[in-house]
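**Q** Here it is: the structure, laid out below.
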Amino acid sequence: MNTLASEFLRKLSRKPYFKYTENGKSIRYSANQAFLAMQSAPNIWQYVPLIKVDPKKGGELFSNLSINENGLVSFSELLEKEGKYLLDEVVENANKKKPAERSEFDKEVLKVDERFNILYNVFAGNYLKVFPNSNDKNNKWHSHTHHFQDFPAEDGRFAKQIMPNYFKDVNEKNWVEASEKLGYIKTFQDVLGADIIPSRKRIEAELWYNQLNLNFWLFQVYFTLGALLLVLALIKIFTKKKLIEFLWNGLIILTLISFLIFTGNIILRWYVSQHAPWSNGYEMLVFVSWVLLLCGLLTFRKSDFALPLATLFSGALLFVSYLDWLSPEITNLMPVLKSFWLKVHVATIVSSYAPLALSAILGFMALLLTIFKTKTTKKVIDIKIKELTYINEISMTIGLFVLAVGTFLGGIWANESWGRYWAWDPKETWALISIIVYAIVLHLRLIPKLKSNYVLNTASVFAFGSIIMTSFGVNYYLSGLHSYAAGDPLPIPTFIYVLVALVIIVSVLAYFRKRSFNATNT
1 MNTLASEFLR
11 KLSRKPYFKY
21 TENGKSIRYS
31 ANQAFLAMQS
41 APNIWQYVPL
51 IKVDPKKGGE
61 LFSNLSINEN
71 GLVSFSELLE
81 KEGKYLLDEV
91 VENANKKKPA
101 ERSEFDKEVL
111 KVDERFNILY
121 NVFAGNYLKV
131 FPNSNDKNNK
141 WHSHTHHFQD
151 FPAEDGRFAK
161 QIMPNYFKDV
171 NEKNWVEASE
181 KLGYIKTFQD
191 VLGADIIPSR
201 KRIEAELWYN
211 QLNLNFWLFQ
221 VYFTLGALLL
231 VLALIKIFTK
241 KKLIEFLWNG
251 LIILTLISFL
261 IFTGNIILRW
271 YVSQHAPWSN
281 GYEMLVFVSW
291 VLLLCGLLTF
301 RKSDFALPLA
311 TLFSGALLFV
321 SYLDWLSPEI
331 TNLMPVLKSF
341 WLKVHVATIV
351 SSYAPLALSA
361 ILGFMALLLT
371 IFKTKTTKKV
381 IDIKIKELTY
391 INEISMTIGL
401 FVLAVGTFLG
411 GIWANESWGR
421 YWAWDPKETW
431 ALISIIVYAI
441 VLHLRLIPKL
451 KSNYVLNTAS
461 VFAFGSIIMT
471 SFGVNYYLSG
481 LHSYAAGDPL
491 PIPTFIYVLV
501 ALVIIVSVLA
511 YFRKRSFNAT
521 NT
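Here it is, written out as structure tokens:
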């Protein structure tokens, strides 16, 4: 329940807790407290500001709402006096449009509508599914709002009455009676749901995982460490003072410690979920972030820029994993994913993304150094560019090898699951395209006119676009066995266009800067 309550509050108000001020005193509810309180006293909580809204995006429609200083409105604020839903018509109009055609207003309205409906279901008690059905072979559990006609008669009567009576005792502060009823519910679960109830250790581990919320803190740590390491790496180009080396070594030790903590957090999630933690979009990003940092730690002695850039990008991936469109909740797997090949194939494929990502950011850094190179710094910066290019090529070679192996392993899994090795599914096709793209990039050096550090670094940056398409584009924009999206595709995020434009600009500037130095030398 703690996981459900935390995800519910984060979805509703963007925070894993509820805090308000009463008579000048700040009161804070944990996720569990708020979740249960809303179901025990919905008539009170419907007037409490809980739903996150953006008044700017909501425009005139939201201007008449009583939005508090935290950008929250109450459930009742979205209902007119006669009980009509305020957003009914605008939500219907927004849903008629294709996702790519929706305005910022439409998107905000749909988000608020989703939060409103989630809160409605909490008030109705539909999420508190605590009663197992002994007649159900699939071990399905139900909330107290279920009709219970499919339950054994005695079990149905118990399940239907116990929760309302429990909430009644809570509201009347009859704590002894309320605790007794919780004991009855636990006994009911232990007897009828013993087959799927997690062990006590797993429950405690999940509570600990939720409480620590390490990934949220780690992306901030990695941004900080990465930025400091990058500054020191730039300083080290021009000076070799002992203080700089001392700070450098200290930050590397801190990065190593944070990596070990990160590793422990992934292992903890694995233990809680009882499956390899790379089965969805959120877990994939977290795992790539982990492997990327591992690559940085393995190569930092070869180049001063490898670890800073890997740490920064690792933090960026953890940050992206917390955006609205990726869910961090721990869920059960579909039957086809409950396979040995999930651990082998997916881990191999996803692991290949990290060295290829490192290759891209090393290439980008080399282009930046080319742009900012001057006559006085040319000699020392050229050495750094060669270092970056060398690590770039090694990282790309490793990534390509692992990607190819992972693709072959995917064929074996496909044959085991669906009876064929290859079916030109979009995911399979784009994995093959990525292999071909990186194979071409690595062989460009065999063409005399294309054998240069600039070409390799530029190509490594643009080649990573094939990986982004393989890992995310296929999942959310194309239909196939590996797709998460249904219906019309979501619009491409604006930052993608900005990022592509930035890469093109940097590549062009680096090219002309390189030409100017070549012209000077001749």
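Numbering-wise, the sequence shown is residues 1 to 522 according to full-length UniProt numbering. The C-beta atom is built at its ideal place from N, Cα and C for all residues, glycine as well. Bear in mind that the values here come from a model prediction, so they are computed numbers and not experimental data.
Given a cut-off of 9 Å on the beta-carbon distance, is the pair W368 and S460 in contact?
**A** On the sequence shown, position 368 is the one that residue 368 refers to. On the sequence shown, position 460 is the one that residue 460 refers to. In the sequence under discussion, the amino acid at residue 368 is Leu, which differs from the Trp named in the question. No, Cβ-Cβ distance for L368 and S460 is not below 9 Å.
**Q** Determine the DSSP secondary structure at W141, reduced to helix, strand or coil.
**A** Translated into the one-based positions of the sequence shown, residue 141 becomes position 141. Strand at W141.
**Q** Taking all protein chains shown into account, decide if L72 is buried (16 or more other Cβ within 10 angstroms of its Cβ) or exposed.
**A** Position 72 of the sequence shown holds residue 72. So L72 ends up on the buried side.
**Q** Provide the residue span of the alpha helix (DSSP H) that contains K52, from first to last.
**A** Start at 1 with the first residue of the sequence shown, and residue 52 comes out as number 52. Not the alpha helix (DSSP H): K52 falls in the beta strand (DSSP E), residues P49 to K52.
**Q** Tell me, which residues are paired with F131 by DSSP?
**A** Within the sequence shown, residue 131 is the residue found at index 131, counting from 1. Answer by DSSP bridge pairing, in chain order: H142.
**Q** What residue ranges within the segment 238 to 313 form continuous alpha helix (DSSP H) runs of no fewer than 4 residues, ordered along the chain?
**A** Segments of the alpha helix (DSSP H) lying fully in the segment 238 to 313: 242 to 273 and 281 to 299.
**Q** Can you name the start and end residues of the alpha helix (DSSP H) that V90 belongs to?
**A** Numbered from its first residue, the sequence shown carries residue 90 at position 90. Looking at the DSSP string, the run of the alpha helix (DSSP H) that includes V90 is D88 to K96.
**Q** To which residues of the same chain is M284 closer than 6 Å at the C-beta, ignoring the five residues directly before and after it?
**A** To locate residue 284, count along the sequence shown from 1; it is residue 284. Excluding positions up to five away in sequence, the list reads W278 and V350.
**Q** Just grab the DSSP bridge partners of V73 for me.
**A** For the purposes of this step, residue 73 is taken as residue 73 along the sequence shown, with counting starting at 1. V73 is bridged to I51.
**Q** Checking 9 Å against the spacing of the C-beta atoms, do H144 and V130 come in under that value?
**A** Position 144 of the sequence shown, counted from the start, is the residue given in the question as residue 144. Position 130 of the sequence shown, counted from the start, is the residue given in the question as residue 130. For H144 and V130, yes; Cβs fall inside 9 Å.
**Q** Indicate whether I440 and T407 have their beta-carbon atoms separated by less than 9 Å.
**A** Stepping through the sequence shown from its first residue, residue 440 is reached at position 440. Stepping through the sequence shown from its first residue, residue 407 is reached at position 407. Cβ atoms of I440 and T407: not closer than 9 Å.
**Q** Helix, strand or coil for R515 per DSSP?
**A** In the sequence shown, the residue the question calls residue 515 occupies position 515. R515: helix per DSSP, three-state reduction.
**Q** What does a CB cutoff of less than 6 Å around I398 pick up in its chain, not counting 5 residues either side in sequence?
**A** As a position in the sequence shown, residue 398 is number 398, starting the count at 1. The answer, listed in chain order, is P355.
**Q** Hey, which unbroken runs of the alpha helix (DSSP H) at 4 residues or more fall wholly within the segment 136 to 212?
**A** Listed in chain order, they are 153 to 171, 175 to 192 and 200 to 212.
**Q** Apart from the five residues just before and just after F462, which ones in its own chain have a Cβ nearer than 6 Å to its Cβ?
**A** Position 462 of the sequence shown, counted from the first residue, corresponds to residue 462. Around F462: no qualifying Cβ.
**Q** Exposed or buried, what is R102 when buried is set at 16 or more other beta-carbons lying within 10 Å of its beta-carbon?
**A** In the sequence shown, the residue the question calls residue 102 occupies position 102. Label assigned to R102: buried.
**Q** Excluding the 5 residues preceding and the 5 following L12 in the sequence, name in chain order all residues of the same chain whose CB lies nearer than 8 Å to its CB.
**A** Against the sequence shown, residue 12 aligns to sequence position 12. So the qualifying residues of the chain are L50, I51, K52, R115, I118 and L119.
**Q** With DSSP as the reference, label K379 as helix, strand or coil.
**A** Position 379 of the sequence shown, counting from 1, holds the residue named residue 379. Here K379 sits in helix by DSSP.
**Q** Cα separation between A227 and T376?
**A** Indexing the sequence shown from 1 puts residue 227 at position 227. Indexing the sequence shown from 1 puts residue 376 at position 376. Cα to Cα, A227 sits roughly 25 Å from T376.
**Q** With distances taken from CA atoms, which of W45, I196, M163 and L192 is nearest E180?
**A** For the purposes of this step, residue 180 is identified with residue 180 of the sequence shown, where counting begins at 1. Closest option to E180, Cα to Cα, is M163.
**Q** Who are the Cβ neighbours of F287 in its own chain at under 6 Å, not counting the five residues just before and after it?
**A** Position 287 of the sequence shown, counted from the start, is the residue given in the question as residue 287. Excluding sequence neighbours, F287 sits near W278 and V350.
**Q** Between the segment 181 to 193 and the segment 244 to 264, do three or more beta carbon pairs fall short of 8 Å?
**A** No contact exists between the segment 181 to 193 and the segment 244 to 264.
**Q** Following the continuous beta strand (DSSP E) through K25, name the residue where it begins and the one where it ends.
**A** Sequence index remark: in the sequence shown, residue 25 carries index 25 (1-based). Where K25 is concerned, the enclosing beta strand (DSSP E) stretches over K25 to Y29.
**Q** From the DSSP output, read off the bridge partner residues of Y421.
**A** Here the question's residue 421 lines up with position 421 in the sequence shown. Looking at the DSSP assignment, Y421 forms no beta bridge with any residue, so it has no partner.
**Q** In this structure, does DSSP put K19 in helix, strand or coil?
**A** As a first step, residue 19 must be located in the sequence shown, where it is residue number 19. The answer is strand: DSSP assigns K19 an E or B state.
**Q** With distances taken from CA atoms, which of A233, H275 and N518 is nearest L247?
**A** For the purposes of this step, residue 247 is taken as residue 247 along the sequence shown, with counting starting at 1. When each option's Cα is compared against that of L247, the closest is A233.
**Q** To the nearest angstrom, report how far apart F167 and Y127 are at their CA atoms.
**A** As a working note, residue 167 is residue 167 in the sequence shown. As a working note, residue 127 is residue 127 in the sequence shown. Rounded to the nearest angstrom, the two C-alpha atoms are 15 Å apart.
**Q** My output table needs one value for L230: the three-state DSSP class, helix, strand or coil.
**A** Numbered from 1 along the sequence shown, position 230 holds the residue referred to as residue 230. Looking at L230 - three-state DSSP - the assignment turns out to be helix.
**Q** I'd like the list of long-range same chain contacts for T311, defined as Cβ closer than 8 Å, with 5 residues on each side in sequence excluded.
**A** Within the sequence shown, numbered from 1, the residue matching residue 311 stands at position 311. So the list reads Y222, L225, G226, L229, T255, L293 and G296, once near-sequence residues are dropped.
**Q** If distances are taken between C-alpha atoms only, which option among K449, K201, A414 and D382 comes closest to L268?
**A** Stepping through the sequence shown from its first residue, residue 268 is reached at position 268. The shortest C-alpha separation from L268 is found at K201.
**Q** Quick check: residue 537 and N133, are their CB atoms within less than 9 Å of each other?
**A** This structure gives no information on residue 537, because the portion of the chain shown stretches from 1 to 522.
**Q** Cutting at 7 Å between CB atoms, please list the residues of its own chain near F148, excluding the five before and the five after it.
**A** Taking the sequence shown and counting its residues from 1, the one referred to as residue 148 is at position 148. Once the five neighbours on either side are set aside, the close Cβ partners of F148 are G156, A159 and K160.
**Q** With a Cβ-Cβ cutoff of 9 Å, do I467 and A306 count as a contact?
**A** For this step, residue 467 is matched to residue 467 along the sequence shown. For this step, residue 306 is matched to residue 306 along the sequence shown. In this structure, A306 does not lie closer than 9 Å to I467 by Cβ.
**Q** Just grab the DSSP bridge partners of Y85 for me.
**A** Counted from its first residue, the sequence shown places residue 85 at position 85. DSSP, once it has assigned bridges, lists L79 as partnering Y85.
**Q** F512: buried (16+ other C-beta within 10 angstroms of its C-beta) or exposed?
**A** Locating residue 512 in the sequence shown gives position 512, where the first residue counts as 1. Counting Cβ neighbours within 10 Å, F512 comes out exposed, since fewer than 16 surround it.
**Q** I believe residue 539 touches A31 by the beta-carbon criterion, under 8 Å. Please report the beta-carbon distance rounded to the nearest angstrom.
**A** In the structure displayed, the chain extends from 1 to 522; residue 539 sits before or after that span and is not available.
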